[in-house]
Amino acid sequence: MWAFESVFYQIYPIGFCGAPRVNDGITVPRIRKVADWAEHIARLGCNAVYFSPIFESDSHGYDTRDFRKVDCRLGTNADFAAVCETLHEHGIKVVLDGVFNHVGRGFWAFKDVQEKKWDSPYKDWFHISFEGNSNYNDGFWYEGWEGHYELVKLNLRNPDVVHHLFDCIRLWKEEFGIDGLRLDVAYCLDKDFLRQLRAFCDSFGSDFFLVGELLHGDYNQFVGDGLLHSCTNYECYKGLYSSFNSMNMFEIAHSLHRQFGSDQWCIYRGKHLMTFVDNHDVTRLASILTNKKHIPLAYGLLMGMPGIPCLYYGSEWAEQGEKAPDNDYALRPCFEEPKPNELTEFIKKLIRVRQESDALCNGAYKNVVIQNHQLVFERCSEKERVIVAINAADYPYTANAGELNGTAADLLTGETVTMNGQLELKPYSVQYLKF
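Quick note on our numbering: the sequence shown kicks off at -13 and runs consecutively.
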């Protein structure tokens, strides 16, 4: 699967393109801006773009009006098709947000129910009771997503709903040439629907990628044969930043071993989960880390640990943004052009090293040295062995372990490192050592 050896770049189009927060009905080809960034994305080394919602919606994109039409605030289907063509020309895959759990109140089928009530042929597309009322005074009650009644829950056990969604996916494949889907709130989706979706998407070929948004719990319930190829690794997201903030690398080391270690009880060995340090729903890394010198170290950890790394647009130059109650737009800004800096160059180097390393993409995981301020672990495949070493302290540190023997190439500097059971780590440093 191509995604397992890829690095993703996430774009939230409505924010990225500077579109109005509420649908104004005016068609403007703002989405073509992404094509202007294709060179930047490719230079970073990212070979896949994950687009947050692009289809016609009431406001933020997750309140869909029509899955068959690109949001007018972003342009037309033809505009987005041109963007996809440019990305593909740069060797970049395209993954769209599949928001299948719910739609907006402006969704065409829901509006038909509002107008015709019992007489609507679409009344069974939703979870509706005509014996109640909504807080919008629709004259009927309906189920909303987690109490958000601007988001109307779809009935995914209705074959007509499933047929409509699959027709839309087929349209996206034919019109845009998409390479996969990220499933919004996958933890809410009916498992039978997921199995049908996987079987349908497999008809496009075995390399059509499905990744689900999962928070906590057992990811094995959703990832595996006949289900999803991957899911978001929120457990390690939390460990990535809080291990630095609390200066306790035992936290992330524990999570990584629990998930990918060699012990029989380690639960996700062989799986490729999507990893990230921030996204459109959480405070950006540059704002959440208390010591800004830890920013490059967090990326060093991200690119060295098991998983499929995903960068959120703007964070590659340490853009700040804090999540606020009921307002995520601070996390979803518009940039006129990329603002690369020293961090960008470091991330570029990390990505190049990762994508050239079979061990970092596919290797097993083993903790070697764990201290409050340091973490050294091993990634090992049949082809190579790589040691990843992180020193989050402001002082040098000497790591001692039997695994730290022999001569290795430092993949980030090109230097040769000779060890005799010890590895000298500089303050605030990252090393990738290939044996």
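Heads up, the beta-carbon is just placed ideally off N, CA and C, and yes, glycines get one too.
| query | result |
| --- | --- |
| Segment contact, 8 Å Cβ cut-off, at least three pairs: the stretch 15 to 30 with the stretch 52 to 70 | yes |
| Any 3 or more C-beta pairs closer than 8 Å across the stretch 332 to 342 and the stretch 248 to 267 | no |
| Environment of V263 [buried if 16+ CB atoms lie within 10 Å] | buried |
| Euclidean distance between Cα positions of G77 and G300 | 21 Å |
| Given V56 as reference, the closest of E117, P39 and H46 once Cα atoms are compared | P39 |
| For P413, three-class secondary structure by DSSP | coil |
| 8 Å contact criterion, which V148 and F112 should meet: CB distance rounded | Not really, about 14 Å apart at Cβ, beyond 8 Å. |
| A239 and L200 closer than 8 Å at C-beta | no |
| Any chain D beta carbon closer than 8 Å to G163 | Reference to chain D is not applicable here, since this structure consists of a single protein chain. |
| Straight-line gap, A385 to K369 (C-alpha atoms, nearest Å) | 25 Å |
| Closest residue to T218 among R338, S228, R168 and E305 (Cα-Cα distance) | R168 |
| Alpha-carbon to alpha-carbon, Y315 and G1 | 7 Å |
| Cut-off 7 Å between Cβ atoms - residues of its own chain near E(-9), not counting five sequence neighbours on either side | Q341 and C347 |
| With 16 other Cβ atoms within 10 Å as the buried cut-off, status of A310 | exposed |
| Of the listed residues D10, G4 and A34, nearest to L297 (C-alpha basis) | A34 |
| Proximity winner among I27, G307, L288 and F236, relative to V354 (alpha-carbon distances) | F236 |
| G203, buried or exposed, once every other Cβ within 10 Å from all chains shown has been counted against 16 | exposed |
| G1, DSSP secondary structure in three states | helix |
| Where I356 sits in the DSSP three-state scheme | strand |
| Given 8 Å, three or more beta-carbon pairs between the stretch 350 to 364 and the stretch 244 to 255 | yes |
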